[in-house]
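What follows is a set of notes on a single structure, which appears directly below.
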Amino acid sequence: MYEVKLQAFEGPLDLLLHLIERDKLDIYDIPVAQVTAQYLAYLRQMQEFNLEIASEFLVMAATLLQIKSRMLLPKTAQQNQEQEGELEDPRVVLMERLVTYRRIKMAAAWLAEKAKDGGRSVARPPLAMPCRRVVLTHYTLEDLLEALAALFASYAGAPPVFVAREEINIQDKMADILTLLRREQREILFSDTVFRAGNRREQVAAFLGLLELLRLKQISIRQPERFGPIYVALKEDGDEPVL
Amino acid sequence: MNLFYDYMKAHVEAMLFAHGTPLSAKRIAAVLDISAEHADRLLCLLEEEYAKPGRGLMLRRVADGFQLCTKPELGGVVEKLTEIPEQKLSQAALETMAVIAFRQPATKQEIEAIRGVKVDGVVNTLLECGFIREVGRKEAVGRPILYGTTDEFLIHFGLRSLEDLPKLEAWPVELQQEPSSLE
Numbered sequence: 000m001y002e003v004k005l006q007a008f009e010g011p012l013d014l015l016l017h018l019i020e021r022d023k024l025d026i027y028d029i030p031v032a033q034v035t036a037q038y039l040a041y042l043r044q045m046q047e048f049n050l051e052i053a054s055e056f057l058v059m060a061a062t063l064l065q066i067k068s069r070m071l072l073p074k075t076a077q078q079n080q081e082q083e084g085e086l087e088d089p090r091v092v093l094m095e096r097l098v099t100y101r102r103i104k105m106a107a108a109w110l111a112e113k114a115k116d117g118g119r120s121v122a123r124p125p126l127a128m129p130c131r132r133v134v135l136t137h138y139t140l141e142d143l144l145e146a147l148a149a150l151f152a153s154y155a156g157a158p159p160v161f162v163a164r165e166e167i168n169i170q171d172k173m174a175d176i177l178t179l180l181r182r183e184q185r186e187i188l189f190s191d192t193v194f195r196a197g198n199r200r201e202q203v204a205a206f207l208g209l210l211e212l213l214r215l216k217q218i219s220i221r222q223p224e225r226f227g228p229i230y231v232a233l234k235e236d237g238d239e240p241v242l
Numbered sequence: 000m001n002l003f004y005d006y007m008k009a010h011v012e013a014m015l016f017a018h019g020t021p022l023s024a025k026r027i028a029a030v031l032d033i034s035a036e037h038a039d040r041l042l043c044l045l046e047e048e049y050a051k052p053g054r055g056l057m058l059r060r061v062a063d064g065f066q067l068c069t070k071p072e073l074g075g076v077v078e079k080l081t082e083i084p085e086q087k088l089s090q091a092a093l094e095t096m097a098v099i100a101f102r103q104p105a106t107k108q109e110i111e112a113i114r115g116v117k118v119d120g121v122v123n124t125l126l127e128c129g130f131i132r133e134v135g136r137k138e139a140v141g142r143p144i145l146y147g148t149t150d151e152f153l154i155h156f157g158l159r160s161l162e163d164l165p166k167l168e169a170w171p172v173e174l175q176q177e178p179s180s181l182e
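See below:
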């Protein structure tokens, strides 16, 4: 066992910049053949260590190879005249991207330096100001009690009603469907399981319960004809449900 | 010390305390009904006073305004008190932050073109940190979201305003003469 350290790069541009800086190459006059060879060597190294190569790295490899081949093509005099605009150095676009990226890296380092100071101070959010200052001068405790008494009086004779929220869980629904199946000769209509439920919450619970039973292989479902009724049946060999 | 200044300084301090977030000198001048020069002078006096070693707060010029905050050298004790976990921005996040700050407003596609990698994840991180926000849509195919920096960004990076950011072109591109630090 030996350990190999591969530097992690932020992306293909980062890797390219590293190669250029390491060999002290001129960013404005990149020796494409040399850089391409090293770039590909790095990718091969990554492959050897079974590292997944992000697609961006492959796109850059293709770009490098394309530039390299374009630089190898001889230019005829005719071409020179005809496509003067297009015949600029094929490296220009890449060079510009590298220049921009290097500046961004420097800007990032500058920001990191700035954050060292800025990030360590804390300030407060605005105070939660009372939306208005309430002035109570004309009232006494007696007035307050009187107001309370009047409030109680107005409520007299109307006992509060508590409305309990109905809780339906899927487990209950599953048990319910199984009970129904055993009672009804082991086969019932799908609509009897779901639509016999009352409100929407219960219907949802019933449907989820049905799906869960199906998953647990407790029941089977068949529909003899298209758009016809759907039947839910107890599975003969199904184990007893764990409920 | 001029008594008038002393008296008004207290007003400014109260306002800064109550406001919390950066307050502009213009607003201070308007509330106190004094001239902008007076407000500036008062703020300078307060700033000097806070700068003394006996004080734990400082007057910070940030995000086009003034704000009371704890001194950075006391960061340790504040972090201990509030149990702030240290979170460093990754290199990817910093680079993305730099693109947005220096090229704003910018779309994800533009950031990706500059950095040469996908940036969905880091853009979300920066949004969560509150350093960037959506500032609109670009009038281009798909109307992509444009991102810009927030006041939170200025505060975190200790910038008074976006004008504190140097021009991106100001950084030299020529290879440094000293050996590369990347190796």
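For the protein sequence lines, the chains are A and B, in the order given.
For the first sequence, numbering that gives the first Met the number 0 begins at 0 and goes up steadily by one.
For the second sequence, numbering that gives the first Met the number 0 begins at 0 and goes up steadily by one.
Ideal Cβ positions, reconstructed from N, Cα and C, are used throughout, including at glycine.
Model, not experiment: these values are computed from the prediction.
field: Local conformation of residue 81 of chain B per DSSP, three classes
entry: Helix.
message: Does the contact criterion of 3 or more C-beta pairs under 8 Å hold for the region 27–34 of chain B versus the region 221–233 of chain A?
response: no
Residue closest to residue 77 of chain B, alpha-carbon to alpha-carbon, out of A:57, A:100, A:123 and A:101: Of the candidates A:57, A:100, A:123 and A:101, the one whose C-alpha sits nearest the C-alpha of residue 77 of chain B is A:123.
- request: Kindly indicate the opening and closing residues of the alpha helix (DSSP H) around residue 214 of chain A.
  value: 199–214
task: With 8 Å as the limit, tell me which residues of the region 10–30 of chain B have their beta carbon closer than that to any beta carbon of chain A; keep them in chain order.
output: 16, 17, 18, 19 and 20
- request: Evaluate the contact criterion for the region 154–171 of chain A versus the region 112–124 of chain B: three or more CB pairs, one atom per stretch, below 8 Å.
  value: no
- prompt: If residue 212 of chain A sits next to residue 218 of chain A, beta carbons under 8 Å apart, how far is it from one beta carbon to the other, in whole angstroms?
  reply: 5 Å
- request: May I ask you to report which of helix, strand or coil DSSP gives residue 138 of chain A?
  value: coil
query: When we look at the beta-carbon of residue 150 of chain B and count the other beta-carbons within 10 Å, is it buried (16 or more) or exposed?
result: buried
- request: Return helix, strand or coil for residue 72 of chain A, following the three-state DSSP convention.
  value: coil
message: Output needed for residue 45 of chain B: all residues of its chain with C-beta closer than 7 Å, excluding positions within five of it in sequence on either side, in chain order.
response: 8, 11, 12 and 58
field: Own chain, CB closer than 6 Å to residue 132 of chain B, minus 5 neighbours either side, in chain order
entry: 149
field: C-beta neighbour in chain A for residue 71 of chain B, strict 8 Å
entry: yes
field: Cross-strand partners of residue 66 of chain B (DSSP beta bridge)
entry: B:59
- request: Closer than 8 Å by C-beta to residue 19 of chain A: which residues in its own chain qualify, once you throw out the five before and the five after it? Chain order, please.
  value: 26, 29, 34 and 97
- prompt: Does residue 241 of chain A come within less than 8 Å of chain B when only Cβ atoms are used?
  reply: With a pLDDT of only 48 at residue 241 of chain A, under 50, the local geometry of the prediction cannot be trusted, and no value is derived from it.
message: Output needed for residue 12 of chain A: all residues of its chain with C-beta closer than 6 Å, excluding positions within five of it in sequence on either side, in chain order.
response: For residue 12 of chain A, same chain residues with a beta-carbon under 6 Å away, outside a window of 5 residues either side, are 100 in chain order.
query: Interface residues of chain B around residue 91 of chain A at Cβ under 8 Å?
result: Under the 8 Å cutoff, chain B gives no residues; its nearest Cβ is about 14 Å from residue 91 of chain A.
task: Note down the Cα distance separating residue 92 of chain A from residue 66 of chain A, rounded to an integer number of angstroms.
output: The alpha-carbon atoms of residue 92 of chain A and residue 66 of chain A are separated by roughly 10 Å.
message: Between residue 9 of chain A and chain B, is any beta-carbon pair separated by less than 8 Å?
response: yes
field: residue 164 of chain B to residue 133 of chain A span [Cα, whole Å]
entry: Our two residues, residue 164 of chain B and residue 133 of chain A, have alpha carbons roughly 47 Å apart in a direct line.
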